[in-house]
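Asker:
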Amino acid sequence: MNSNIGQEPRRAYGRWAEDVGFKIVSTPAGRYLRTPVGEISFARIVRTLSDCQLLVGFVWFSDEENAAGYTSIASNDVVSGRAGIVWVRKIDEGCAQGITPSARFAELLDIDMPEQFGHIAADSVQRIESLSRLRTLAKTVSFRV
Numbered sequence: 026m027n028s029n030i031g032q033e034p035r036r037a038y039g040r041w042a043e044d045v046g047f048k049i050v051s052t053p054a055g056r057y058l059r060t061p062v063g064e065i066s067f068a069r070i071v072r073t074l075s076d077c078q079l080l081v082g083f084v085w086f087s088d089e090e091n092a093a094g095y096t097s098i099a100s101n102d103v104v105s106g107r108a109g110i111v112w113v114r115k116i117d118e119g120c121a122q123g124i125t126p127s128a129r130f131a132e133l134l135d136i137d138m139p140e141q142f143g144h145i146a147a148d149s150v151q152r153i154e155s156l157s158r159l160r161t162l163a164k165t166v167s168f169r170v
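Numbering (my numbering), first residue to last: 26 to 170.
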């Protein structure tokens with residue numbers, strides 16, 4: 026049984042009593058928000074092979090929440106994960122320039138990326154209720170398009 030019930034809590038002494046001054050920020054400077062709560066637009070990132078297209082992941086954005094990012098797919102983890110690092114950097118360059126997520130998306134349609142990272146399928150732009158629904162879709166979708 027706990028014998029400290031009803032007693033005052035212990036005081037912190039020395040370095041444990043210091044206020045270290047951490048400041049909680051919602052999003053670091055130069056980066057779009059990664060946790061939108063509302064509806065988002067998204068498009069497929071595909072890699073073109075000689076006989077088919079492989080789904081690499083999804084790029085998504087929301088001007089209303091100044092949010093944008095990349096979601097990898099579960100069925101193609103290795104390729105999708107590596108590509109995600111590159112795509113997130115490219116997406117955030119738009120925030121550093123001070124442009125909206127949809128404007129950055131439009132720029133990314135024309136950008137030349139190494140083929141292993143894929144390209145945005147311009148005809149695949151859709152709206153979805155939330156980022157969590159897109160993540161659910163990313164867990165179940167096949168990597169062959």
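Even glycine gets a Cβ: it sits at the ideal position worked out from N, Cα and C.
Taking C-alpha atoms, which residue in Cys77, Gln78, Gly94, Leu79 lies nearest to Trp85?
Answerer: For the purposes of this step, residue 85 is taken as residue 60 along the sequence shown, with counting starting at 1. Residue Gly94 is the option with its Cα nearest to Trp85.
Asker: Which same chain residues end up closer than 8 Å to Leu134 when comparing Cβ atoms and leaving out the 5 residues on each side of it in sequence?
Answerer: Reading the sequence shown from its first residue, position 109 is the one you call residue 134. Excluding sequence neighbours, Leu134 sits near Ile145, Ala147.
Asker: Can you list, in chain order, the residues of its chain whose CB lies under 7 Å from that of Ser97, leaving out five sequence neighbours each side?
Answerer: As a first step, residue 97 must be located in the sequence shown, where it is residue number 72. The answer, listed in chain order, is Gly82, Ser105, Gly106, Gly109, Ala163.
Asker: With H, G and I counted as helix, E and B as strand and the rest as coil, what does DSSP make of Phe130?
Answerer: As a position in the sequence shown, residue 130 is number 105, starting the count at 1. Residue state, collapsed to three classes: helix.
Asker: Mind checking Val62: buried by the 16 CB within 10 Å criterion, or exposed?
Answerer: Taking the first residue of the sequence shown as position 1, residue 62 is located at position 37. Counting Cβ neighbours within 10 Å, Val62 comes out exposed, since fewer than 16 surround it.
Asker: Can you give, in chain order, each stretch of the beta strand (DSSP E) that sits fully within the region 57-100 and has at least 3 residues?
Answerer: Listed in chain order, the complete beta strand (DSSP E) runs (minimum 3 residues) inside the region 57-100 are 65-73, 78-87, 92-97.
Asker: Does the Cβ of Ser75 have 16 or more other Cβ atoms within 10 Å, making it buried, or fewer, making it exposed?
Answerer: Against the sequence shown, residue 75 aligns to sequence position 50. Answer is exposed; the Cβ neighbour count stays below 16.
Asker: Starting from Arg160, follow its DSSP beta bridges and name the residues at the other end.
Answerer: Here residue 160 refers to the residue found at position 135 of the sequence shown. Beta-bridge pairing links Arg160 to no other residue.
Asker: Using the rule of at least 16 other Cβ atoms within 10 Å of the residue's Cβ for burial, across every protein chain shown, is Cys77 buried or exposed?
Answerer: Translated into positions along the sequence shown, residue 77 becomes position 52. Counting Cβ neighbours within 10 Å, Cys77 comes out exposed, since fewer than 16 surround it.
Asker: Taking all protein chains shown into account, do 16 or more other C-beta atoms lie within 10 angstroms of the C-beta of Gly119, making it buried, or fewer, making it exposed?
Answerer: For the purposes of this step, residue 119 is taken as the residue at position 94 of the sequence shown. It counts as buried.
Asker: How long is the line joining the alpha carbons of Leu156 and Thr60, rounded to whole angstroms?
Answerer: As a position in the sequence shown, residue 156 is number 131, starting the count at 1. As a position in the sequence shown, residue 60 is number 35, starting the count at 1. Taking the straight line from one Cα to the other gives about 8 Å.
Asker: Taking its Cβ as the centre, do 16 or more other Cβ atoms sit within 10 Å of Ile116, making it buried, or is it exposed?
Answerer: The count along the sequence shown starts at 1 and reaches residue 116 at position 91. Its Cβ being crowded by 16 or more others within 10 Å, Ile116 is buried.
Asker: In this structure, does DSSP put Ile153 in helix, strand or coil?
Answerer: The residue labelled residue 153 in the question sits at position 128 within the sequence shown. If DSSP states are grouped into helix, strand and coil, Ile153 belongs with the strands.
Asker: Who does Arg169 pair with in a DSSP beta bridge?
Answerer: Position 144 of the sequence shown holds residue 169. For Arg169, which the question treats as bridged, DSSP gives the partners Leu79.
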